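This report refers to the structure that appears directly beneath it.
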Amino acid sequence: IFIAMAENKKMEKIVSLAKRRGFVFQGSEIYGGMAGAYDFGPYGVELLNNIKQSWWRDNVSNRDNFYGLDSAIFQDPKVWDASGHTSGFSDPMAECRKCNTRLRVDKALEKIGVKADEKMSEEEINKLFDKHKEEIKCTKCGGHDFTSAKAFNLLVKSNLGDFTSKGETPVYLPGEASQGIYINYKNIIDSMHPKIPFGIAQIGKAFRNEISPRNFLFRTREFEQADTQFFVRPHENKEAFEKIKEERWKW
Numbered sequence: 688i689f690i691a692m693a694e695n696k697k698m699e700k701i702v703s704l705a706k707r708r709g710f711v712f713q714g715s716e717i718y719g720g721m722a723g724a725y726d727f728g729p730y731g732v733e734l735l736n737n738i739k740q741s742w743w744r745d746n747v748s749n750r751d752n753f754y755g756l757d758s759a760i761f762q763d764p765k766v767w768d769a770s771g772h773t774s775g776f777s778d779p780m781a782e783c784r785k786c787n788t789r790l791r792v793d794k795a796l797e798k799i800g801v802k803a804d805e806k807m808s809e810e811e812i813n814k815l816f817d818k819h820k821e822e823i824k825c826t827k828c829g830g831h832d833f834t835s836a837k838a839f840n841l842l843v844k845s846n847l848g849d850f851t852s853k854g855e856t857p858v859y860l861p862g863e864a865s866q867g868i869y870i871n872y873k874n875i876i877d878s879m880h881p882k883i884p885f886g887i888a889q890i891g892k893a894f895r896n897e898i899s900p901r902n903f904l905f906r907t908r909e910f911e912q913a914d915t916q917f918f919v920r921p922h923e924n925k926e927a928f929e930k931i932k933e934e935r936w937k938w
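Mapping of the sequence shown onto the working numbering: residues 688 to 938, in sequence order.
Structure below.
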């Protein structure tokens, strides 16, 4: 408990300093703030741009076998079906029956020392949850009466192009930036004629409907990903992975 309190105080100091020095502001702060959303101030945006420019220079501009990309944020919903995001990109969530506050079950179990993760089936995690419910308190009302855990999909839905307001064909904001690389693989092949091995890189926005965004910039609902995908022949993947891993650590 004391360690957690000390860590929270340290984080509060970092957040306060970032704001005072013009690096990071709470999103929509004048209206009370929005959880999991942050604005980069005058110094913050300069630092962010410097990092992105350095990353792009070292991973694209200075390499002969890497190609840059800036894909659209909105993509056909079939992209997210094919990648498994619409069916498997989820966290286990329960709701307090008294005050309707939502709780991320795997994290609540971890806090009381019970090993659990979001990859467990609903049946597996509910067994643990039912066994330890009395040890878990609602963060708002302190109660112990929760619904069963259910998978909560993290993709953010949009009504882009839906003029019926029925939501029958939702378009999703990207849960990760890499899908734009995969769906443009053939376009890169046809236009740039690269030889394998080669890579595709992009810096793009990602959005996740996090149940409990926390830890300042470390777990947010909107963020940027600097992403590379390297394409090799099947028997070369292990060697390529080790080489790229070493390069990443050096960078």
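Every residue gets a Cβ at the ideal spot worked out from N, C-alpha and C, and that includes glycine.
Small disclaimer: the values here were computed from a predicted structure and weren't measured.
Secondary structure of residue i, DSSP reduced to three states
i	result
Phe689	Low confidence applies here, because Phe689 scores a pLDDT of 49, under 50, leaving its location unreliable; read the following figure in that light. The answer is helix: DSSP assigns Phe689 an H, G or I state.
Leu681	Because the chain spans 688 through 938 in this model, residue 681 falls outside it and cannot be assessed.
Glu897	coil
Ser777	strand
Gln889	strand
Ser703	helix
Val919	coil
Asn749	coil
Gly867	helix
Lys844	strand
Lys930	helix
Arg906	strand
Leu815	helix
Glu805	coil
Lys937	helix
Lys853	coil
Leu796	helix
Asp768	helix
Asp832	coil
Lys820	helix
Lys785	coil
Lys837	strand
Asp877	helix
Residue closest to residue i, alpha-carbon to alpha-carbon, out of the options
i	options	result
Glu863	Met780, Trp743, Lys853 and Asn896	Asn896
Ala781	Phe905, Asn871, Ile701 and Ile898	Ile898
Thr773	Pro881, Leu841 and Gln889	Leu841
Met698	Ile875, Gly886 and Asn902	Asn902
Asp804	Thr788, Glu810, Asp793 and Glu811	Asp793
Arg784	Met807, Cys828 and Lys806	Cys828
Lys806	Pro779, Ser852 and Ile883	Pro779
Ile642	Ala927, Glu926, Trp938 and Phe905	This structure does not reach residue 642, given that the chain is present from 688 up to 938, and the question cannot be answered.
Cys786	Ala927, Thr826, Val747 and Trp936	Thr826
Gly886	Leu734, Ile717 and Gly755	Gly755
Leu734	Asn695, Ala705 and Glu855	Ala705
His831	Trp743, Ser852, Phe910 and Thr788	Thr788
Beta carbon proximity, residue i to chain B, threshold 8 Å
i	result
Arg906	The chain labelled as chain B is not found in the depicted structure, where only one protein chain is given.
For residue j and residue i, believed in contact at Cβ under 8 Å, the rounded distance
i	j	result
Asp757	Gln916	So it is not a contact: roughly 15 Å between Cβ atoms.
Gln762	Pro861	7 Å
Gln974	Gly723	In the structure as shown, the chain begins at 688 and stops at 938. Residue 974 is therefore absent and cannot be evaluated.
Pro921	Arg908	The Cβ separation is near 37 Å, so there is no contact.
Cβ pair residue i, residue j closer than 8 Å
i	j	result
Tyr725	Gly709	no
Val766	Gln866	yes
Phe776	Val843	no
Tyr859	Pro764	yes
Glu811	Ala838	no
Trp938	Asp751	no
His819	Leu796	yes
Pro881	Ile875	yes
Val942	Gly728	The chain is shown from 688 up to 938; residue 942 falls before or after that span and cannot be answered.
Glu822	Ile799	yes
Phe816	Ala836	yes
Ile760	Lys873	no
Cβ-heavy atom distance, residue i to the ligand MN, below 7 Å
i	result
Leu735	For the structure depicted, the ligand MN is absent and the ligand set is empty, with no information on it obtainable.
Quick check for students: name the residue ranges of the alpha helix (DSSP H) that lie wholly in the segment 715 to 746, counting only runs of 4 or more.
You should have 729 to 743.
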